[in-house]
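*Asks:*
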Amino acid sequence: MRPSYLKVLALLTDGAGVVGGIAQYNSDFVTALAQSSHVETVTVLTRFGTAPSRSHAKVTQLAPSRRRVLWSARAVALALRQRFDVVFCGHLNAAPLAYGIAKFSSSRLWLQVHGYEGWTEPNMAVRCATERANLITAVSRYTRQRLLGWANIEPSGIRVLPNTVTKDHTPRVRRPDLIKRYGLEGRKVILTVSRIASAERYKGHDRIITALPDVAARCPEAVYLIVGSGDDVPRLESEALSKGVAERVIFAGHVPAGELPHYFALADVFAMPSTGEGFGIVFLQAARCGVPVIGGNQDGSVDALADGQIGRLIDPSDARQLADALASALDHSQRTPVPSVERFCFENFARHVDDLVGGLN
Amino acid sequence: MCGIAGIYAYHYASNSIDRNELLAMRDHMVTRGPDGFGLWLDPAERVGFGHRRLAIIDLSDNGLQPMQTDDGSIVVTFNGEIYNYRELRNRLISKGFKFRTQSDTEVLLHLYADRGADMVGDLRGMFAFAIWDAKKRTVLLARDPLGIKPLYYSDDGWTFRFASQVKALLAGGKISRDPDAAGVVGFYLFGSVPEPFTSFRSIRAVPAGTTVLVGRTGPAAPRRYHSIASTYCEGEQGQAPGASPDYIREALKDSVRSHLVADVPVGAFLSAGIDSGALVGLMRDVGAVDIQTITIGFEEFRGKNEDETTIAQEVAALYGTRHTSRVVTRSEFEADLPLIIQAMDQPSIDGVNTWFVSKAARELGLKVAISGLGGDELFGGYPSFRDIPRWVRLFSAPSHIPLLGAMARRLTEPLASHLGLNRKAASMLEFGGSYAGAYLLKRGLYLPWELEQVLDRGTVREGLRRLAPLRLISETIEPRPRSAFARVATLESSLYMRNQLLRDTDWASMAHSLEVRVPLVDSVLLGQMAKLADRPINKASLANAPLGPLPQAVVSRAKTGFTTPVRSWMHSVIKKVERVPRSAAVAETSWAREWSRFIGRQALHPNKSSLPLAQVA
């Protein structure tokens, strides 16, 4: 007979203070666990990050260990010292370690899969550990489907637990200083916010730059504002040059998270025709700020855009479709928040976590 | 007997359900239920059920579905028949439940209110249904103990969908068609796709004898409430009643009587075999009058030993039925073949016979027909009852020597192939030592090591890993009955009968809006016969069950089956469609393998077919 209150060991990669969707997800998750009626304690061991973002009496946040070996050794030592009922593993690559700990301590294994790391068949150790998890949560239906493609798992063993969108993303008034800084007066703005890494070219900046001449022909005021930094910026700059749209492409560089709503306020349309999103939380942030959204229909973006209810889904490989969607959005730009974004609020997420952890009890 | 479908947007992130999708799913099954249709959506449009009705019990509009309780807190959509519904109805009335119809569907509503998911244990019949519990916000799916009625579901992580047919789920347009290597490999191993797999990765069968509960986080794993193996084990442990003819007769009569409950005439398929003949005799014994019987005959067999119509006519005359022999011709077969492939819900190498006999029954105006399906499983009519235990005794010891079986097969297979012997013989040492292996050997269309003849290596590797065929077979005989008879009966009933015979009967009969009832596939009868599993019961027990026993000509007649002319027709179609060189076609020794490849190309890879099937006709 299992206890009615569970002690959870959460093995996470990105903890508080780390920028990105996984860190935000982990923070939400730990908070939701702490609020769960089924949970007694949550012990969190992260690899990266600083201090906990939201403190809770049930949560013990241990100092992070950047080095994987040390992090793994500490996780094992923890399991030797304390008894846990559930081991939550926040990254697929750590599944063998988490499985070993869960097996050793006769606890339940809950595995979280975010995105691309679960899309292709991993090595045998990860696959075997995955197939033995008691519960797997995937960030989107797409990730779940890809996981079912290689893992021999009963479909009922994989649930979907999406990202959340925070309430601080709300429509703002356009800030004159930003309009002036980027020369946006009288312009129609296409916006993308993301990392710009050579390893993540799937985001689709190239596709928008390629579509820009066509869009500009129909909407001469069109400009493309790219927010984010990374090693692929120089290549995109030369790409814009080669397509003859360099004067229409503006690289704003990195923008702190708290500033983002002001950048969404500058946009007439947010577009990211990506093919590699696990979910695409940025779509929700844009939509909550009242910006019309365009995303790809080949990956987890379909979930973020709720099958087209939150934004427009296009085939990212179809340049014509993208250009049409962009031109149409600029032509009829309406800045009203989409109410259906609210489904991704933290409260729904927390209730779902409570139900899921209750199922493990 | 009907078609059911439903959608439940259980996840907080999912959109409201799409009414048009539900309609498309429902109306794909129009032949399952031509007499009526219904649609129900909850006010928030988070859940909806659809129903196509073939009216058999309570023909009035009172029987229309989906049906709900007066307060709307419980809603049901149901396919099948509950044969003990009157008894259950009386019990519920005595508990204070108020009924407004005479239908068995309403019994399900109140029984659920009374017993929750445990209600399934009270039901005698063939059924697949879904119940929405508005207070708990759950959908309960249930399928009958032996798997007579089909039920499939799909969960994408946000939204749960179910339907009586795989193709109805696909007709909604929102389910991935990615193939499931386990289902594809399973088809070539067994000749039908073994549940819970289907040809599509996103679609699963609700296993026979299980329920699936769908709540706010999605569907739970299927929960088993009945198993054939357990029934035999319980039968073996209990007090054996003795295999007296009276005991068997009364058990059979009880089942047949139950299966005659209907507000429309109930006919019967009649071949020259024991099963259907005995059932017709028993129908008469329990008081059925003016029974319409149907036999399929072939022009090619007129006057030959293979012709079933002559003996069937004798049986019909013996029991005084209104009898019809329906002749099927090659040209009719070729004309119907595209329709058969279209109606075939999951790929199968069988079902053609049921298609034609159902067609004939419907032409005669019947809505319900009794079939002798299940007699061979219940009374040990297959050669497997003799062969499998013998093989296991013989090969059990050597099969424990590691690698010996695989080595023996590698050495002997070329020889067997050269001599034109059955290539399965080469695998005797490898598979014959266990019940699971011996069953695969006996029933296998292809053996695992032969699959690369028909599928690419990646699909074979992936499919075998996911399907784990020996484990799948072995799990059906857990807990393990003591007697060899019970083990083989369990294997045959849980695999061949369930995945092939019953499934084929469903799609092939429902395509003609005909309900086929199978009194020899009945959980109560199974429980009674399981008590005799270590006694010498056989098909003669069935033949002697009617008060006027079957003629000796029927009992002694070797089982010929329907296939002989159809095999030749199939072969001719394959040659036309696939443009097979004559020499290659002649070299093919197994019609079933040849047919499986044809069906596989039509059903699993329709775009690879070299000639549109319609051009055959």
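If you're matching them up, the sequences are chains Y and G in order. Numbering (my numbering) for the first sequence: 1 to 361. Numbering (my numbering) for the second sequence: 1001 to 1617. Glycine residues also receive a C-beta, built at the ideal position from the N, C-alpha and C atoms. Here the structure is a predicted model, which is why all the values come from computation and not from measurement.
1) Would you kindly work out how many angstroms separate the C-alpha atoms of G:TRP1595 and G:ARG1249, rounded to a whole number?
2) In three-state DSSP terms, what is G:HIS1323?
3) Using a 10 Å radius around the Cβ and a threshold of 16 neighbouring Cβ atoms, would you call G:VAL1280 buried or exposed?
4) Between which two residues does the alpha helix (DSSP H) carrying G:THR1101 extend?
5) Under the three-state reduction of DSSP, which class applies to G:ALA1208: helix, strand or coil?
6) Can you name the residues that DSSP bridges to G:ALA1142?
7) Just verifying my parser: in three-state terms, what is the DSSP assignment at Y:ASP354?
8) For chain Y, is any of its Cβ atoms less than 8 Å away from the one on G:ALA1013?
9) What does the alpha-carbon distance come out to for the pair G:TRP1158 and G:MET1025?
10) Starting from the C-beta of G:ASP1180, find all residues in its chain whose C-beta is less than 7 Å away, skip the five residues before and the five after it, and write them out in chain order.
11) Quick check on DSSP: helix, strand or coil for Y:TRP110?
12) So, helix, strand or coil for Y:LYS188, using DSSP?
13) Along the chain, where does the alpha helix (DSSP H) that runs through G:LEU1189 open and close?
14) What do you get for G:ARG1386, buried or exposed, if any count of 16 or more other CB atoms within 10 angstroms of its CB means buried?
15) Cβ atoms of G:GLU1236 and G:ARG1482: under 8 Å apart, would you say?
16) Is it a yes or a no for the region 229-248 of chain Y touching the region 118-134 of chain Y, going by three-plus beta-carbon pairs under 8 Å?
17) Could you name the residues that DSSP lists as bridge partners for Y:ASN163?
18) In three-state DSSP terms, what is Y:SER229?
19) Could you have a look at G:SER1271 and say whether DSSP puts it in helix, strand or coil?
20) So for G:SER1094, helix, strand or coil by DSSP?
21) Just checking my contact of Y:LEU6 with Y:ASN361 at CB under 8 Å: how many whole Å lie between their CB atoms?
22) Using a Cβ-Cβ cutoff of less than 7 Å, which residues in the same chain neighbour Y:GLU239 once the five nearest sequence positions on both sides are dropped?
23) Measure the alpha-carbon distance for G:GLY1072 versus G:SER1493 and round it to whole angstroms.
24) For the beta strand (DSSP E) holding Y:ASP14, just list the boundary residues, first then last.
25) Could you pull out every residue in the same chain whose Cβ sits closer than 6 Å to the Cβ of Y:ALA329, ignoring the five residues on either side in sequence?
26) Taking 8 Å as the threshold (beta carbon to beta carbon), is G:ASP1156 in contact with chain Y?
27) Is there a Cβ of chain Y sitting closer than 8 Å to that of G:PRO1241, yes or no?
28) Below 8 Å on the Cβ atoms is my guess for G:PRO1546 versus G:ALA1220; work out the distance and round it to an integer in Å.
29) Under a three-way DSSP split, which group does G:THR1031 fall into?
30) Any beta-carbon of chain Y closer than 8 Å to the one on G:SER1348?
31) Under 8 Å, with one C-beta from each stretch per pair, do the region 1298-1308 of chain G and the region 1401-1411 of chain G reach the 3-pair mark?
32) With distances taken Cα to Cα, identify the nearest neighbour of Y:SER65 among Y:ARG187, Y:ASP177, Y:ASP14.
33) Using 8 Å as the limit for Cβ to Cβ distance, is Y:GLY359 near chain G?
34) Spatial neighbours of Y:HIS352 within its chain, please: C-beta separation below 7 Å, excluding the five flanking residues on both sides.
35) Nearest chain Y C-beta to G:ALA1130 closer than 8 Å, yes or no?
36) Going by DSSP, which residues form a beta bridge with G:GLU1081?
*Replies:* Taking the structure as given:
1) 39 Å
2) strand
3) buried
4) That residue, G:THR1101, is in no alpha helix (DSSP H); it is neither H nor E in DSSP.
5) coil
6) As computed with DSSP, G:ALA1142 is found in a beta bridge with G:PHE1129, G:THR1211.
7) helix
8) yes
9) 18 Å
10) PHE1197, THR1198, SER1199, PHE1200, ARG1201
11) strand
12) Annotated three-state conformation of Y:LYS188 is strand, per DSSP.
13) 1181-1190
14) exposed
15) yes
16) no
17) None; Y:ASN163 has no bridge partner.
18) coil
19) coil
20) helix
21) 6 Å
22) ASP206, ILE209
23) 39 Å
24) Note, Y:ASP14: beta strand (DSSP E), 6-14.
25) For Y:ALA329, where only same-chain residues beyond five positions count, the Cβ hits under 6 Å are VAL269, PRO292.
26) Yes, contact with chain Y.
27) no
28) That belief does not hold up - the Cβ atoms of G:PRO1546 and G:ALA1220 are roughly 45 Å apart, past 8 Å.
29) helix
30) No - not a single Cβ of chain Y is within 8 Å of the one on G:SER1348.
31) With the cut-off at 8 Å, the region 1298-1308 of chain G and the region 1401-1411 of chain G do not touch.
32) Selected option, being the one with the closest Cα: Y:ASP14.
33) yes
34) LEU161
35) no
36) G:MET1126
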